């Protein structure tokens, strides 16, 4: 490009930026003159047409609410959060600001509504623990304000989290509980809420392989939805259920029809990411069944693309990756095979990590408190009902004593583990935890009669030093014969030198080095902490996760899973 052209381009960009800034200032000035109520109406009428204009409207609305110091400042922050719906950090920041101003609100659905919004936003980005925290906080306010509508919305959302970790029966119980409530409120509650819950119940039965029940509930949904926009959800379910009934061509036709109808519906009824992924997955499976491999792979790739952008992970759709890998294997396309194998490994690692964490958190923060609450309610009911039920009270007390004993035992164990973790973290070199307190005899300058010439000993020790520096111990299935061959010596000499100069036998020596290495790596490598235990074991050089976990515990007093969790969340 010539200097003349560069100069012309520069002038064009300069005037474009200047014009944009002047235009924005002009728009802000005109918006400042409008009534705040009218601004809000205009904002929602024109919302999502021009993102830049949306943010300008939102900023002016928030500024005017702040200036007037009214309680409507909550709505100002809500509107700002809405504008930044695709930016999780900013979105949550504005929601949190709205929560602060709504804590003391007399409006029944605040701040519960905000916590539900926050939880949904976290869940959509696969931050399940944060989502559960938000839902539980919202549930606390909903119960405090007797807000049954949002209470059951939260039960609905928690049911979806339970479904994510495969607790289908528990998810069904919650969803059916919501259906019973929503059915009693059909005259005042939006009918769509009932249908949405019914659709989620169909999905839950289907994932639990209860196809007959799923078909029954979906038939009800198709009848009730009729001309409603939400009918597309039940058409999608119907198409997926056709796959299980081996009606593959019908499955393809209905799923595509569902996508078409949904794209034509109102924005707030558009499919969630998991509905789209389910649709693509079963299109891929159906095409595969009728022998159209090319189209099957196309839809499986769409599944991967959505997973990559949404972090929506369930074990059910794992087979889409194996199908793609097998396809490229048949085409001898090594590059594509490697790419999708890497994607599958990442998928497995994240899935294991996320779902295990969510399972623990649900049990600790939702299920257990509910069980405690239910236990206390039962005890009180038994006391009031009749005196003859004292036997049940005694049993309850025994359970409490046993539970308390277990909790105390668990607390002591946690305290002990925490102490060992802190000791491990405060140690400059993890190796200090494992090696004998006796100093290296070679450093003392002692002559040790082990039947090997000093020249050979020095050569082996030098090789061992280099071996340790290069992390040669990370190779799986390493033996004395293999290492001796690498060091150009024999295994008998190598074993003697390690035993006398390292003060341990060959296997403990290698495994100590591996544990020392992986501890230091986990301390500084945040990515490694997201790997599965199996992957971490392999990284260290162990041939099985069981051997790795057992040896890690033997040498440190804690298991690697505990060590990783404490690294990720030291305060937990």
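Numbering (the working numbering), first residue to last: 1 to 572.
Every residue gets a Cβ at the ideal spot worked out from N, C-alpha and C, and that includes glycine.
Keep in mind it's a predicted model, so treat the numbers as computed, not measured.
Would you kindly work out how many angstroms separate the C-alpha atoms of residue i and residue j, rounded to a whole number?
i: residue 236; j: residue 258; result: 5 Å
i: residue 253; j: residue 117; result: 35 Å
i: residue 171; j: residue 197; result: 11 Å
i: residue 567; j: residue 525; result: 10 Å
i: residue 323; j: residue 339; result: 13 Å
i: residue 92; j: residue 173; result: 30 Å
i: residue 123; j: residue 165; result: 13 Å
i: residue 270; j: residue 39; result: 27 Å
i: residue 65; j: residue 94; result: 14 Å
i: residue 373; j: residue 130; result: Confidence in residue 373 is poor, its pLDDT being 49 and thus under 50, which makes the residue's placement unreliable; the coordinate value appears in the next sentence. Approximately 23 Å, taken between the alpha carbons.
i: residue 530; j: residue 425; result: 19 Å
i: residue 485; j: residue 463; result: 12 Å
i: residue 560; j: residue 541; result: 15 Å
i: residue 88; j: residue 276; result: 21 Å
i: residue 496; j: residue 452; result: 9 Å
i: residue 157; j: residue 203; result: 14 Å
i: residue 543; j: residue 508; result: 15 Å
i: residue 125; j: residue 296; result: 27 Å
i: residue 133; j: residue 154; result: 11 Å
i: residue 539; j: residue 282; result: 36 Å
i: residue 564; j: residue 423; result: 15 Å
i: residue 489; j: residue 537; result: 29 Å
i: residue 482; j: residue 521; result: 25 Å
i: residue 493; j: residue 502; result: 13 Å
i: residue 341; j: residue 192; result: 41 Å
i: residue 176; j: residue 67; result: 47 Å
i: residue 234; j: residue 535; result: 40 Å
Is it right to say residue i is buried, meaning 16 or more other beta carbons lie within 10 angstroms of its own, or is it exposed?
i: residue 330; result: exposed
i: residue 546; result: exposed
i: residue 178; result: buried
i: residue 200; result: buried
i: residue 111; result: buried
i: residue 96; result: exposed
i: residue 570; result: exposed
i: residue 151; result: buried
i: residue 62; result: buried
i: residue 334; result: exposed
i: residue 262; result: buried
i: residue 516; result: buried
i: residue 320; result: buried
i: residue 216; result: exposed
i: residue 587; result: Nothing about residue 587 can be read from this structure; the chain reaches only from 1 to 572.
i: residue 231; result: buried
i: residue 121; result: buried
i: residue 432; result: Bear in mind that the predicted position of residue 432 carries a pLDDT of just 44, short of 50, making it unreliable; the figure below should be weighed with that in mind. So residue 432 counts as exposed.
i: residue 76; result: buried
i: residue 45; result: exposed
i: residue 556; result: buried
i: residue 218; result: buried
i: residue 476; result: exposed
i: residue 161; result: buried
i: residue 205; result: buried
i: residue 146; result: exposed
i: residue 558; result: buried
How would you write the range of the alpha helix (DSSP H) that residue i sits in, first residue to last?
i: residue 212; result: 211-225
i: residue 519; result: 506-524
i: residue 552; result: 545-556
i: residue 535; result: 533-540
i: residue 147; result: No alpha helix (DSSP H) contains residue 147, which DSSP labels as neither H nor E.
i: residue 80; result: 73-83
i: residue 291; result: Here residue 291 belongs to no alpha helix (DSSP H), and DSSP marks it neither H nor E.
i: residue 453; result: Segment: none, residue 453 is in no alpha helix (DSSP H) and carries neither H nor E.
i: residue 205; result: 191-207
i: residue 246; result: Careful: residue 246 lies outside any alpha helix (DSSP H) and carries neither H nor E.
i: residue 576; result: In this structure the chain extends from 1 to 572, so residue 576 is not present and cannot be described.
i: residue 494; result: 491-501
i: residue 102; result: 88-102
i: residue 120; result: 112-124
i: residue 272; result: Element bounds for residue 272: n/a, residue is neither H nor E.
i: residue 106; result: No alpha helix (DSSP H) holds residue 106; DSSP gives it neither H nor E.
- prompt: Looking at C-beta atoms only, is the number of pairs between the region 285-302 and the region 128-144 that lie closer than 8 Å three or more?
  reply: no
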